[in-house]
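Residue 327 is where the sequence shown ends in numbering that gives the first Met the number 0, and the numbering goes up by one at each step.
Cβ coordinates follow ideal geometry from the N, Cα and C atoms, glycine included.
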Amino acid sequence: MSDTKTVRIGVLGAARIAPNALIAPARGNAEAEVVAVAARDRARAAEYARKHGIAKVHGGYEELLADPDIDAVYNPLPNGLHAQWTLAALAAGKHVLCEKPFTSNATEAATVAEAADNSGLVVMEAFHYRYHPLAQRVVDIVASGEVGKLKHVQAALCFPLPKFSDIRYNRELAGGAMMDAGCYALHMVRLLGGDEPDVVSAHAKLHKPDVDRAMKADLVFPKGHTGSLTASLWSADLLKITASAIGDKGRLDVFNFVAPQAYHRLTVRTADGKRVERLSKRPSYSYQLDAFCAAVLRGEPVLTPPSDSIKNMTVIDEIYRKAGLSPR
């Protein structure tokens, strides 16, 4: 917990995601302030700071972490750098909001989780969708028994990324469809399934050796219900953002669980009929920042702690193995 009333946040890297994920939400949050940005190219960081109204510029990540006027860092660096710089931030005494996927693999996730535990600092994986009321509503409906005993849960996140020079196709930076889109789909399947699944099979479509442009996986949960996921950066599934929980009394279907603020639809079908629900249009990123600040300032628990990140990365690693690829 912090003694201050505001979480002063520094951004590692002039990342494209930060304006939507952090900078805009912070403007509407009395408990958060984005005070600094760092990039390896100081000129780029300075231009980024001017564009987004950030007061302080650091010429390197180490310099930002050494800044005593920063309480926490946002880590939106490439996947392969998440563990390194989250660990560095913890060593510097900073809380961390780390973009998904948490690390390159489960081994790194366990290392970061241990460091977080030992530090007493907040480390939170930025699965922003989990903090939107839509995600909790889905959990509550399944738990209520309205759709009955679960038989199958599934999720898909597919979108086109034809720019093959993008870092998300870079093996050295822990790229691949399963890491990028797939970590969301898996997280949602785990959320709907209510437990940790085993991987039955997985099949990848490759962009180049050991880099998946699409992934499908079949799962099984300890209580017997099954699961499946589809993730794609470039495949015949051009755009798909769905999730379903199918039980012996009905089913629940969600359209756009990832960014419900843009548009979403939650449909429940049972013997009693069909019901459509829509929840808040407030950005998922704003809810996420609320939770991060509450954890830092008041010690409140988060929904995506490192312990959950280890579980997600463990299944991702196994999906890669079952697909005949190596974990990142």
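Inter-residue Cα distance where the pair is residue i and residue j
i           : j           : result
residue 272 : residue 35  : 52 Å
residue 99  : residue 78  : 8 Å
residue 33  : residue 26  : 9 Å
residue 138 : residue 262 : 19 Å
residue 91  : residue 190 : 33 Å
residue 155 : residue 15  : 24 Å
residue 17  : residue 95  : 14 Å
residue 65  : residue 226 : 45 Å
residue 84  : residue 38  : 13 Å
residue 20  : residue 324 : 31 Å
residue 192 : residue 88  : 33 Å
residue 213 : residue 229 : 8 Å
residue 277 : residue 106 : 39 Å
residue 49  : residue 56  : 10 Å
residue 116 : residue 53  : 31 Å
residue 180 : residue 157 : 7 Å
residue 109 : residue 270 : 44 Å
residue 231 : residue 216 : 12 Å
residue 111 : residue 31  : 24 Å
residue 296 : residue 5   : 8 Å
residue 298 : residue 166 : 35 Å
residue 280 : residue 28  : 16 Å
residue 260 : residue 321 : 35 Å
residue 186 : residue 246 : 19 Å
residue 301 : residue 255 : 22 Å
residue 248 : residue 224 : 14 Å
residue 306 : residue 289 : 20 Å
residue 237 : residue 159 : 5 Å
residue 67  : residue 134 : 36 Å
residue 258 : residue 292 : 21 Å
residue 47  : residue 75  : 14 Å
Same chain, Cβ closer than 7 Å to residue i, five either side skipped, listed in chain order
i           : result
residue 317 : 198
residue 250 : 146, 243, 244, 268
residue 182 : 99, 100, 311, 315
residue 210 : 168, 170, 174, 175
residue 51  : 18, 22
residue 40  : none
residue 287 : 125, 127, 130
residue 313 : 105
Spatial neighbours of residue i in its chain, beta-carbon cut-off 6 Å, leaving aside the 5 residues before and after
i           : result
residue 415 : A question about residue 415 goes unanswered here, because the residues of the chain that appear run from 0 up to 327.
residue 310 : 195
residue 9   : 35, 63, 69, 72
residue 118 : 89
residue 326 : 104, 316, 319
residue 140 : 251
residue 294 : 121, 301
Residue i - partner residues in DSSP beta bridges
i           : result
residue 95  : 72, 122
residue 201 : 216
residue 149 : 246
residue 155 : 229, 241
residue 207 : 210
residue 264 : 254
For residue i, three-class secondary structure by DSSP
i           : result
residue 254 : strand
residue 143 : helix
residue 229 : strand
residue 9   : strand
residue 37  : strand
residue 81  : helix
residue 56  : strand
residue 194 : coil
residue 272 : strand
residue 314 : helix
residue 32  : strand
residue 301 : coil
residue 102 : coil
residue 160 : coil
residue 181 : helix
residue 15  : coil
Other residues of its chain near residue i: CB distance less than 8 Å, five sequence neighbours each side excluded
i           : result
residue 161 : 233
residue 136 : 265, 276, 278
residue 113 : none
residue 44  : 13, 36, 37, 38, 56, 57, 58
residue 24  : 31, 282, 284, 285, 287, 288
residue 120 : 89, 92, 93, 94, 95
residue 86  : 110, 111, 114
Any non-hydrogen atom of the ligand MG within 7 Å of residue i CB
i           : result
residue 216 : For the structure depicted, the ligand MG is absent and the ligand set is empty, with no information on it obtainable.
Item to check | Stretch pair the segment 201-211 + the segment 136-155: three plus CB contacts closer than 8 Å | outcome: no
Checklist entry - Between the segment 113-130 and the segment 215-232, do at least 3 Cβ pairs fall closer than 8 Å? => result no
Checklist entry - Does the segment 206-216 come close enough to the segment 172-181 to have 3 or more Cβ pairs within less than 8 Å? => result yes
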